[in-house]
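Engineer:
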Amino acid sequence: MKILWNEATSGAPEMEPLWQALRDYFPRVACPGTEVVLRHAAVSGNYVRSLYTELLNNRAVVETCIQAEGEGFDAMVLGCWADPLWEAREVIDVPVVGIGEAAMLLATTLGARFAVITVAPGVIPTIELDLHTYGLQGRAIARPVRALDPPSDAGMLLESIEDPHRRLIPNLERVARECIKDGAEVIVVGCGYYGPILTMHGYNEIPDTGVPVVDCSAAGLKMAEILADLHHSIGLRKSTALYFRRPPAEVLDRVRHAHALGRRQDLGLA
């Protein structure tokens, strides 16, 4: 099985320790025989802490999926919570998974109420919108999305690869315990980087609470494997009745041309 990990940033060289950490992480989570290919966006502002910048970034994320579609991938994972999940599903035939949706669905199997802790206040609106879009607000606590305080930055992220106990875990636990007081039985890590970092350090529960911590990237990768396996074994695939039905090829070509993008057949696609 071959899975695309669609990374929403441009892959800044100074963040190479993070990219290598992800490459080391994938084999730990994926089934034996699953190949996970990390691919960065061709163009990215490397900032999704606002709805507008997320919109600009999402075009590149979907384009990465389109360009990879003819390469034989069995499924695709959008590796940032701020993702264009439904847009990508509409134009891609193989399973496309968002780490946010997968993590929240998983959380509903682990407890009655969950909360999401993300990296900064600017990401909260995106995740709150996802809760409503996916119909999961009834399974979350009041004020269901909260941010690390102080917010994450590149220094904290790189530091946490080697030592999450210095700043990340104390910060996460402070916010998590507030969520638990408000009724959370599951904590979802709302970041496609910090989830893997915590997993690689064996951290999966808020101490002395019995409350599990969900790594959203692990949830996304396993969901992709499940959907790809079901597609191959019993033919299960996305609905094309309405929301995820791809527009006609001539319409896509006309609109892509208007936005200075290549035709699908120029990319080797039908």
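What the sequence shown shows, in our numbering, is residues 1 to 270, in sequence order.
In this text, a Cβ means the ideal position worked out from N, Cα and C, and glycines have one as well.
Treat the numbers as computed from the prediction; the structure is a model and nothing was measured.
Determine the direct distance from the alpha carbon of A258 to that of E205, and round the result to whole angstroms.
Structural biologist: Position 205 of the sequence shown, counted from the first residue, corresponds to residue 205. Position 258 of the sequence shown, counted from the first residue, corresponds to residue 258. Straight-line Cα distance between these residues: approximately 49 Å.
Engineer: In this structure, how does DSSP classify T34 when only helix, strand and coil are distinguished?
Structural biologist: Within the sequence shown, residue 34 is the residue found at index 34, counting from 1. T34 falls in the coil class under three-state DSSP.
Engineer: With respect to the alpha helix (DSSP H) encompassing M223, which residues constitute its N-terminal and C-terminal limits?
Structural biologist: The residue labelled residue 223 in the question sits at position 223 within the sequence shown. 216-234 is the span of the alpha helix (DSSP H), which, as asked, contains M223.
Engineer: I think I158 touches I117, with their Cβ atoms under 8 Å apart; what is that distance to the nearest whole Å?
Structural biologist: If you number the sequence shown from 1, residue 158 lands on position 158. If you number the sequence shown from 1, residue 117 lands on position 117. According to the sequence displayed, residue 158 carries Leu and not Ile. With 8 Å as the limit, L158 and I117 do not qualify as a contact, their Cβ atoms being about 20 Å apart.
Engineer: With burial defined as no fewer than 16 other Cβ atoms inside 10 Å of the residue's Cβ, what is the status of C31: buried or exposed?
Structural biologist: In the sequence shown, residue 31 corresponds to position 31, counting from 1. Looking at its Cβ environment, which holds fewer than 16 other Cβ atoms inside 10 Å, C31 is exposed.
Engineer: With a CB to CB cut of under 8 Å and the five nearest residues on each side skipped, what residues in its chain are close to W86?
Structural biologist: If you number the sequence shown from 1, residue 86 lands on position 86. Hits under 8 Å: T133, Y243, F244.
Engineer: For E71, does the count of other Cβ atoms within 10 angstroms reach 16, so buried, or fall short, so exposed?
Structural biologist: The residue you call residue 71 lines up with position 71 of the sequence shown. By the 10 Å Cβ count, E71 comes out exposed.
Engineer: Determine the extent of the beta strand (DSSP E) in which T118 is found, giving its start and end residues.
Structural biologist: Locating residue 118 in the sequence shown gives position 118, counting from the first residue. Element bounds for T118: 114-118.
Engineer: When the Cα atoms are used, what is the spatial distance from R49 to R39?
Structural biologist: Here residue 49 refers to the residue found at position 49 when the sequence shown is read from its first residue. Here residue 39 refers to the residue found at position 39 when the sequence shown is read from its first residue. C-alpha separation (whole angstroms): 21 Å.
Engineer: If the criterion is Cβ atoms closer than 7 Å, does the pair K2 and D74 meet it?
Structural biologist: To locate residue 2, count along the sequence shown from 1; it is residue 2. To locate residue 74, count along the sequence shown from 1; it is residue 74. Yes, these two residues count as a Cβ contact at 7 Å.
Engineer: For my contact list, A184 and A115 are in at a C-beta cut-off of 8 Å; report their separation, rounded to the angstrom.
Structural biologist: If you number the sequence shown from 1, residue 184 lands on position 184. If you number the sequence shown from 1, residue 115 lands on position 115. Their Cβ separation, rounded to whole angstroms, is 4 Å, which keeps A184 and A115 in contact under 8 Å.
Engineer: Contact check, P196 vs A21 under 8 Å by CB: the rounded distance?
Structural biologist: Indexing the sequence shown from 1 puts residue 196 at position 196. Indexing the sequence shown from 1 puts residue 21 at position 21. P196 to A21, Cβ: 7 Å. Contact.
Engineer: For N6, name the three-state secondary structure that DSSP assigns.
Structural biologist: Here residue 6 refers to the residue found at position 6 when the sequence shown is read from its first residue. Residue state, collapsed to three classes: strand.
Engineer: Note down, in chain order, each residue of its chain lying with its Cβ closer than 8 Å to the Cβ of L261, except the 5 sequence neighbours on either side.
Structural biologist: Here residue 261 refers to the residue found at position 261 of the sequence shown. Result list for L261: E63, in chain order.
Engineer: With a threshold of 16 other CB atoms inside 10 Å of the CB of A129, please say whether the residue is buried or exposed.
Structural biologist: Here residue 129 corresponds to residue number 129 of the sequence shown, with the count starting at 1. Just to set this straight, residue 129 is Leu in the shown sequence, not Ala. By the 10 Å Cβ count, L129 comes out exposed.
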